[in-house]
DNA sequence: GCTTGTGAAGAGATTCACAGCA
DNA sequence: TGCTGTGAATCTCTTCACAAGC
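Protein chains in written order, with the numbering used here: chain A, 71 to 285; chain B, 71 to 285.
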């Protein structure tokens, strides 16, 4: 199948496949199967095959997939050859951790700037990342070619920060605040809400653990 | 409709509704509608009504929902009255940020202990959270009644950490490592992979921005 | 009037199961 | 023989559209 349109659910799994393939390559495997890849990625084999079919990939029936070729195809689809510079907004606990996080740069998402309202931070660097005031956003987005904004501010400041990111031309936002951001339709927001995740876990704990409390 | 079974997709939205209802209550509203709630939660009104119908809730036709009553019902469904103590494993940048994060305690997920392999940290406290060695896991889970384990170790250590959490009796894991954890079926894992999120944003940037590069 | 609650329709994702091919 | 690629079936979630009821 041609890669005309890849379903969202598939896109969300491609990074996992890519990482799994990396492990396989590191372990010296030159060939793999949908079964093995499924095991590594934590999904089932039919899903792996269907997902890969959207990439227009061609494994070999009776044999499997060539690891190196598959890495190439998945990388291609994800566009990992591109580099998308990131700005981190808000240098609280989480923002600082994100700014320091080296894994981003390795994957093509270098944190090239940070924004904070604290005048004591502005003008300094935090782990090599220069800190700017909010007013400087539009300019640094332009001069540094920033493509993605990370919102790590307190939730009260999140919407204002998002507005400023959008005004500065950013079209992709990763939001760590608990707030629901309101942005134009052409801006993509991915929300990572840690409290929500915990509450979902809590829901299932509550459901599964007690075999119904006695009256 | 009775709350016999709530779809996963609905469960994942309940925390968002709860937060939105909190904002409404804070702004003094005593009544609301599926429209208003939808706007605040960033979804559409039909979804709100369908979701709430799973809770067996009763709004008033022609009027809307009583905010206070709805807060009660959603809270009830999520079990937010419960407190689920959390242990954070791995005190790198991210782990430390999570340990310091006060929002968790407020929502019923107090971080009561941390685990790290670094002997210089063990025995000390990080922002009031006592640090234990990995070997102490089973004991602190038992004595502190820990329900949820957060994996914030380097990815190489993630599976081992998960194994130890499971052995210690933990059934709910929030995983921040890029690794896919392999756990028994009765253990629920929620993975929050920051690089994956960025790669998904990158995929769409690649797709949407260039109107196809010229040959 | 206005807004909920919900069957029914629609869209999307997953899984099945097997034909096709090395 | 063994594994891929994929239509068809199934399941899940979303959206529609309207009757029910304040």
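Positions of the beta carbon are idealized from the N, C-alpha and C atoms, including for glycine.
#1: Shorter than 9 angstroms from the beta carbon of residue 262 (chain B) to some beta carbon of chain A?
#2: By DSSP, does residue 285 (chain A) sit in helix, in strand, or in coil?
#3: Against residue 123 (chain B), what residues of chain A qualify as contacts under a CB-to-CB distance less than 7 angstroms, listed in chain order?
#4: Sort B:210, B:261, B:118, B:116 by Cα distance to residue 240 (chain B) and report the nearest one.
#5: Taking the continuous beta strand (DSSP E) assigned at residue 260 (chain A), which residues delimit it?
#6: Does the distance from the CB of residue 108 (chain B) to the CB of residue 120 (chain B) come in under 9 angstroms?
#7: Does DSSP put residue 81 (chain A) in a helix, a strand or coil?
#8: Would residue 114 (chain B) count as contacting chain A if we go by Cβ distances under 9 angstroms?
#9: Under 9 angstroms, Cβ to Cβ, is there at least one residue of chain A near residue 118 (chain B)?
#10: By alpha-carbon positions, which one of A:217, A:245, A:252 ends up nearest to residue 238 (chain A)?
#11: Can you find a C-beta in chain B that's less than 9 angstroms from the C-beta of residue 231 (chain A)?
#12: On the DSSP letters alone, give me the boundaries of the alpha helix (DSSP H) that residue 242 (chain B) sits inside.
#13: Does the beta carbon of residue 152 (chain B) come closer than 9 angstroms to any beta carbon on chain A?
#14: Name the DSSP beta bridge partners of residue 124 (chain A), please?
#15: I need the straight-line Cα distance from residue 191 (chain A) to residue 242 (chain B), nearest angstrom please.
#16: Quick one: complete beta strand (DSSP E) runs, 3+ long, within the stretch 125-172 of chain B?
#17: If we ignore side chains and look at the alpha-carbon of each, how far apart do residue 205 (chain A) and residue 186 (chain A) end up?
#18: Just to make sure I have the definition right: I need the residues of chain A whose C-beta is within less than 7 angstroms of the C-beta of residue 149 (chain B). Which are they?
#19: In angstroms, rounded to a whole number, what distance separates the CA positions of residue 89 (chain A) and residue 247 (chain B)?
#20: Comparing the C-beta of residue 194 (chain B) with each C-beta of chain A, is any distance below 9 angstroms?
#21: Output yes if chain A places a C-beta closer than 9 angstroms to the C-beta of residue 215 (chain B); else output no.
#22: Could you tell me the boundaries of the alpha helix (DSSP H) in which residue 274 (chain A) lies?
#23: The beta strand (DSSP E) spanning residue 218 (chain B) covers which residue range?
#24: From residue 232 (chain A) to residue 256 (chain A), what distance separates their C-alpha atoms?
#25: Determine the DSSP secondary structure at residue 192 (chain B), reduced to helix, strand or coil.
From the atom records:
#1: yes
#2: Low local confidence applies: a pLDDT of 43 at residue 285 (chain A) is under 50, so the model's placement there is unreliable, and no value is given.
#3: The contacting residues do not exist; residue 123 (chain B) stays about 17 angstroms from chain A at best.
#4: B:210
#5: 258-261
#6: no
#7: helix
#8: no
#9: no
#10: A:217
#11: no
#12: Not the alpha helix (DSSP H): residue 242 (chain B) falls in the beta strand (DSSP E), residues 242-245.
#13: yes
#14: None; residue 124 (chain A) has no bridge partner.
#15: 38 angstroms
#16: 156-159
#17: 10 angstroms
#18: 272, 273, 276
#19: 12 angstroms
#20: no
#21: no
#22: 264-278
#23: 218-221
#24: 13 angstroms
#25: coil
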